[in-house]
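Chains G and X supply the protein sequences, listed in that same order.
full-length UniProt numbering puts the first sequence at residues 1 to 201.
full-length UniProt numbering puts the second sequence at residues 1 to 201.
For every residue, glycine included, the Cβ atom is placed at its ideal position computed from N, Cα and C.
Below is one structure, written out as C-alpha cells, with a few remarks after it.
2 protein chains.
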Amino acid sequence: MVTEEMGAARAPGRPRSEKAEKAIVDAAIDMIAEGTGVAELSIEAIAARAGVGKTTIYRRWSNKEDLVVDALATLKAPIPVLDAASVRENVVRYLGSMQQETHHRRTRCIMNIALSESERYPHLAERFREIAIKPRREALRSVIQRGVDSGELRADVDVEVAMAALTGAMLFFTKWRDNEDDLPLDLPERIADQILTGLRP
Amino acid sequence: MVTEEMGAARAPGRPRSEKAEKAIVDAAIDMIAEGTGVAELSIEAIAARAGVGKTTIYRRWSNKEDLVVDALATLKAPIPVLDAASVRENVVRYLGSMQQETHHRRTRCIMNIALSESERYPHLAERFREIAIKPRREALRSVIQRGVDSGELRADVDVEVAMAALTGAMLFFTKWRDNEDDLPLDLPERIADQILTGLRP
DNA sequence: GCGTTGCGAAACTCAACCGTATCGAAATAT
DNA sequence: ATATTTCGATACGGTTGAGTTTCGCAACGC
C-alpha cells in the first residue's frame, strides 16, 4: 500500500503535456470570444483548433461545462487602480475602464456568457461572478464607502443602490443602446456627475 | 397577365390554416420561455409540440431565425400606466413593473435572448428592441421629460443618463446579484429616491 | 365532380458531433 | 532496457436534427 498522497515524482509514465492543456483552454476561450455560445461549442472543434486529439481533452475534463469553467478561471480581470483623491475621479476611472472593455470583443462575449448562459449553466455563472464581477464590485464599493466615511458623500447614502446606479447606467448604455456608435466620449463623466449629485451632502 | 396585386379570393386550393400557424408560433415562444436557447431550438421539436408536420413549418419559414423573429413579433409587452401626479410615483411604478417581470420566467428568458443572442442574431435583437424595449423607454423618457418641463426636476438634467441610471440600477439588481432572494421589497422606492435626489432642483 | 393546394405523418439522405476504442509513436521512471 | 503513461490520429457506433420527398386525406373554388 504505497501512499499516493504527497510526493513530487508521482508519474510512472509520460507526464501530461502542459502545452496541450494550455492550447485546449486557449482554443475554448477564443471560440467563446468569437461569439460561439456554450451550447454550440463542440469538443471536436476545440480539439481541432487546439491541434490536439479528442482523447487528450476527455482525459482531463469529463464534459464541456467543466472545461469551460476551467477556461474561464484562467481569465485575469485587470481592475483599474482607484486611488485618486476624489470619489468623482475614481468613479470616472471605473466607468471609463468599463467602457473601454466593451470595445474588446473578448470581454463582450464573456460578459454575454455571464448574462445569458446563467440560466442554463449555474456553475459557470457562479464561477464567472467570483472571478470577474466580485473583485470589481468590491473595488467600487470601497470607493463609495470611503467617500461616505470621509464626508464627501452623505452618510445616509445607500451604497448598494449607488453602485447599481453607476454600474447599471454604464451597462445600460453599452449593452441596450439602439446605436452603439454614438456613445459620447465623456459618458463616464456625465454619468458620474449626474449620479453623484444626488449623493453629496 | 392576370394581376396578382389586389383581390380577396386569391386562393385556388385549400387555404393555409391560421390555427396551425398560431400553434407553431406559440410552441416556439413557449420553448424559448422555458429556457431553450435559440441554438438548441429545433424545428422538429417545435413541430412536435405544435402538433403539426415539419412541412407546415417549412412552407412558411425558410429557417429558424425567421420563425423566431416572427414569433417574438407577436409578443405584446404590457406597459404600466404612468399617469401619477409625481415623477417619483411614476418611476416607482415603472421600476416595480420591471421587478415584477423578472419573476416571470417567460420575461426572464426573453430578456436573455435580447441580451445574449444579440451578437449571433442581429435581426432578432433588433426586432426585439423595437417591440419590447423601445416603447418602455419612450414611456420612461416621457415621465422624466414631463418632470423637467414642470420644474419638478432640474432643467439641466440629462434625460438619457437619468433613464440609464434608473433602468440600469434595477437591471443590475435583478440580473447581476449573487443572491436573488434577498431583494428588498422596497427596492423601486429606494432606487427612485436615491437617484431622483440628484435630479431635483 | 375536378383541379388545386394545404394538411399531418412518415420515410429518407446528409451532416455534425458525442463518447469510446484502438493504434503506433513518444516521453518518462526504474 | 522495460514498464507505464500520454500523445495525436483515426475509426467506430449511436444520436440528433436539418431539409426533402412521398403519401393519403382534407378543404377550398369552380
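Item, Value
"Cβ of E40 of chain X within 8 Å of any chain G Cβ", "yes"
"V92 of chain G at chain X interface by Cβ criterion, 8 Å", "no"
"Spatial distance of R190 of chain X from L185 of chain G (CA atoms)", "30 Å"
"Y94 of chain G, enclosing alpha helix (DSSP H) - first and last residue", "V87 to E101"
"Inter-stretch contact (C-beta, 8 Å, three-pair minimum) for the segment 137-157 of chain G and the segment 66-76 of chain G", "no"
"Minimum C-alpha distance to M163 of chain G - residue among G:S17, G:L124, G:R136 and G:R49", "G:R136"
"Extent of the continuous alpha helix (DSSP H) to which S17 of chain X belongs", "Element bounds for S17 of chain X: n/a, residue is neither H nor E."
"is_contact[R127 of chain G, chain X] using C-beta, thresh 8 Å", "no"
"Closer than 8 Å to chain X by CB, I131 of chain G", "no"
"Every unbroken alpha helix (DSSP H) inside the segment 157-182 of chain G [4 residues or more]", "159-176"
"Residue-chain proximity (G96 of chain G, chain X), Cβ-Cβ < 8 Å", "no"
"DSSP-derived helix/strand/coil call for G147 of chain X", "helix"
"Secondary structure of Y58 of chain G, DSSP reduced to three states", "helix"
"Cβ distance (whole Å) where G35 of chain G is taken to contact R120 of chain X below 8 Å", "6 Å"
"CB of D26 of chain G within 8 Å of CB of Q194 of chain X, strictly", "no"
"From G:G198, G:A20, G:T167 and G:E18, residue whose alpha carbon lies closest to that of R154 of chain G", "G:G198"
"Runs of beta strand (DSSP E) lying entirely within the segment 118-142 of chain G, each at least 3 residues, in chain order", "none"
"C-alpha distance - S17 of chain G paired with A45 of chain G, whole-angstrom precision", "20 Å"
"Chain-ordered neighbours of D158 of chain X on chain G, where CB pairs are closer than 8 Å", "R190 and Q194"
"Under 8 Å by beta carbon: chain X residues contacting A169 of chain G", "V161, A164, A165, G168 and A169"
"Three-state secondary structure (DSSP) of M1 of chain X", "With a pLDDT of 39 at M1 of chain X, under the threshold of 50, the modelled position of that residue is not reliable, and the figure given next carries that caveat. Three-state DSSP puts M1 of chain X in coil, outside helix and strand."
"Option in G:I110, G:K175, G:S142 and G:L171 with minimal Cα separation from V38 of chain G", "G:I110"
"Three-state class that DSSP yields for E152 of chain X in the structure shown", "coil"
"Within-8 Å CB hit, G147 of chain X to chain G", "no"
"Contacts that L199 of chain X makes with chain G (C-beta to C-beta distance below 9 Å)", "Q194, T197 and G198"
"Rounded separation between V81 of chain G and T56 of chain G - CA only", "40 Å"
"Whole-number beta carbon distance between A71 of chain G and A33 of chain G, since they are thought to touch under 8 Å", "Actually they do not touch by this definition, with Cβ atoms about 10 Å apart."
"Three-way DSSP call (helix, strand, coil) for T36 of chain X in this model", "coil"
"Where the alpha helix (DSSP H) containing A192 of chain X begins and where it ends", "L187 to T197"
"Delimiting residues of the alpha helix (DSSP H) encompassing I43 of chain G", "I43 to A50"
"Contact check, A132 of chain G vs A125 of chain G, beta carbons under 8 Å", "no"
"Which listed residue (G:F172, G:V68, G:R60 and G:D156) has its alpha carbon closest to that of A20 of chain G", "G:R60"
"Pairwise C-alpha distance: A139 of chain G and H104 of chain G", "21 Å"
"Residues near L41 of chain X by beta carbon distance below 8 Å, same chain, minus five either side", "A28, M31, I32, K64 and V68"
"Through-space distance from D182 of chain X to V87 of chain G, alpha-carbon basis", "28 Å"
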